[in-house]
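Protein chains in written order, with the numbering used here: chain U, 14 to 121; chain X, 14 to 121. C-beta atoms are modelled at their ideal positions from N, C-alpha and C, and glycine is treated no differently. None of the values given here were measured: they were computed from a predicted structure. Structure first, commentary second.
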DNA sequence: GTGATATATAAGCGAATGATTATATGATAT
DNA sequence: ATATCATATAATCATTCGCTTATATATCAC
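Okay, here's the thing in structure tokens:
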């Protein structure tokens, strides 16, 4: 069952706390890497590597603007991922829970 | 975000090919361990260990009858798991693909 | 009882995972 | 050109994962 194997692979992307949080944030709007670092309280390389995984499987897309790289969701054609993200807390809830409501849109 | 962490943990259960196949089969009816061994072509201990994980997180429940242990889904209260399993191939499709349509209901 | 079948558990192992630190690349500002 | 900020990559490491083999437990048939 190749179909199941592929679903399992994609679901593996969602089964990490940091990545699932990133994807849930991206439901609302695009974020640049430095914002995610500030919100998630993990190192910049860790965030970067998670985003690379997500991008390599086509779940997010990137958009470079100036020195920043903005990431956004790319799940229009991935129903099982959408189905999960529909049930995930929204960005407001996440930011409040982490006391990170007040981000400077530009990092430093 | 404890809620996200818990979802990620549960999704980890679905992100393995063998477990996702087991859960997809269980959408149709309960299966005993020896049937799953026959279908999945992995060792009996491997199946048993997957089922233990699924049971320990409340995703399946077991029912011992005679020398057999039957497992069935227990996802009524787990919307994100249901959402994924709704999009998974059904047992007929899986069994056909694996050429395992003709199981003896009792194993040996 | 003995033997056969069904299932579970334990131990061990190689591979994958997610993190960190250090370094490289690239854009911006002065 | 130099310094600073944003991001990516590489190397390393501890942990987790899924499998196998070996063994234990439990039920059934005789």
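- In this structure, residue 98/X and residue 88/X form a Cβ contact; the two beta carbons are roughly 7 Å apart against a cut-off of 8 Å.
- In the structure shown, residue 95/X falls within a helical segment according to DSSP collapsed to helix, strand and coil.
- With fewer than 16 other CB atoms across the displayed protein chains lying within 10 angstroms of its CB, residue 76/U is exposed.
- The C-alpha of residue 16/X lies about 12 Å from the C-alpha of residue 31/U.
- Of all residues in the segment 29 to 59 of chain X, the ones placed with a Cβ closer than 7 Å to any Cβ belonging to chain U are 29, 30, 33, 34 and 37, in chain order.
- One finds 97 and 100 in chain U with Cβ atoms closer than 7 Å to the Cβ of residue 93/X, taken in chain order.
- Counting only residues of its own chain and dropping the five nearest sequence neighbours on each side, residue 43/U has a CB closer than 8 Å to the CB of 76, 83, 84 and 85.
- Only residues of its own chain outside the window of five on either side were considered, and among them none has a CB closer than 6 Å to the CB of residue 80/U.
- Under the 9 Å criterion on CB atoms, residue 78/X is classed as non-interfacial with respect to chain U.
- By the CB criterion at 9 Å, residue 28/X and residue 36/U fall outside the cutoff.
- The distance from the Cβ of residue 73/X to that of residue 38/X is about 11 Å, inconsistent with a contact at the 8 Å cut-off.
- Per DSSP, the continuous beta strand (DSSP E) segment holding residue 78/U begins and ends at 73 to 78.
- When the alpha-carbon of residue 54/X is set against those of 106/U, 60/U, 14/U and 59/U, the nearest one is in 14/U.
- The Cβ atoms of residue 108/U and residue 20/X do not sit closer than 9 Å to each other.
- Assignment of residue 82/X by DSSP, reduced to helix, strand and coil, places it in the strand class.
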